[in-house]
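In this note's numbering, the protein residues as written are 5 to 209. Working notes, beginning with the structure itself.
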Amino acid sequence: MVERLYAPVHRRYSFFDKYNVEYIDNLIPGTLPLLKEKMVELLKTLEELDKNSESFGMVHFDYNDGNYMIDFDTGQITVFDFDNSCFCWYMYDLANVWMLGLGWIQFEPDAGKRKDFMDDYFKTVLEGYTSETKIEDSMLNNLSLFIQITLMENIIDAFEVMRNNGEELKCYEELSYSIKCLEEDIPYKGFFHEVFSCEEPFECE
């Protein structure tokens, strides 16, 4: 539980410092009013959650297969690339890892088998995570919510990249899929829903 004792000299930003109504309104095109509305609803839901030291603290915020190495002799995992680190709920990193695990089973046509795999995958993730950081059941029950939050962050990131590169703001197929899941309240990135296609994973017109 060492990370909960962390006392920064120069404090990193907190989630709401960046992800707030004003930023969303300025970034997301006016042609997507429902998307803005859903993002604001998510922010309001987050504001009601506990932010005590048992649930909220410094997180990696970009934990993925490209940001850690495994020593297969010892099982030791070394995590790097902390550029996006911020103060947020620990559940965000867990939801992000869940999202990134979809690639292992995304071409399976049977939704039931996809769900069984993801349940087993996340059980393994939790065993590792909770060996270092305890997560209350009340927070684990918010996994679906935080998956929506990671989806929101991914959408925001996509529009940031287009804006920063001076590109026309447009919804390509993968982005359109993510927006559809958020606008229509489709949980778990639609992975167990009829919107998902194993032939064209996470894409829609």
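The beta carbon of each residue, even a glycine, is placed where N, CA and C say it ideally should be.
Next on the checklist: Considering just the uninterrupted stretch of the beta strand (DSSP E) at residue 93, what are its terminal residues?
Outcome noted: Residue 93 -> beta strand (DSSP E) spans 90-93.
Checklist entry - Does DSSP classify residue 193 as helix, strand or coil? => result The answer is helix: DSSP assigns residue 193 an H, G or I state.
Checklist entry - Among residues of its own chain, excluding the 5 on either side of residue 83, which ones have a beta-carbon nearer than 8 Å to its beta-carbon? => result Within the same chain, 64, 67, 71, 72 come within 8 Å of residue 83 by CB-CB distance, once the 5 residues on both sides are set aside.
Item to check | Simplified DSSP state of residue 79, which is helix, strand or coil | outcome: Coil at residue 79, not helix or strand.
Checklist entry - Mind checking residue 29: buried by the 16 CB within 10 Å criterion, or exposed? => result An exposed status is given to residue 29, since fewer than 16 other beta-carbon atoms sit within 10 Å of its beta-carbon.
Next on the checklist: Between which residues of its own chain and residue 183 is the CB-CB distance below 8 Å, once the five residues before and five after are set aside?
Outcome noted: Excluding residues within five positions, the ones whose Cβ falls inside 8 Å are 36, 39, 159, 175.
Item to check | Close-in-space but distant-in-sequence residues of the same chain around residue 97 (CB under 6 Å, 5 per side omitted) | outcome: These residues qualify, in order along the chain: 63, 64, 67.
Next on the checklist: Does the region 137-152 come into contact with the region 52-61, if we say contact requires no fewer than three beta-carbon pairs (one atom in each stretch) closer than 8 Å?
Outcome noted: The region 137-152 makes contact with the region 52-61, as at least three CB pairs between them are under 8 Å.
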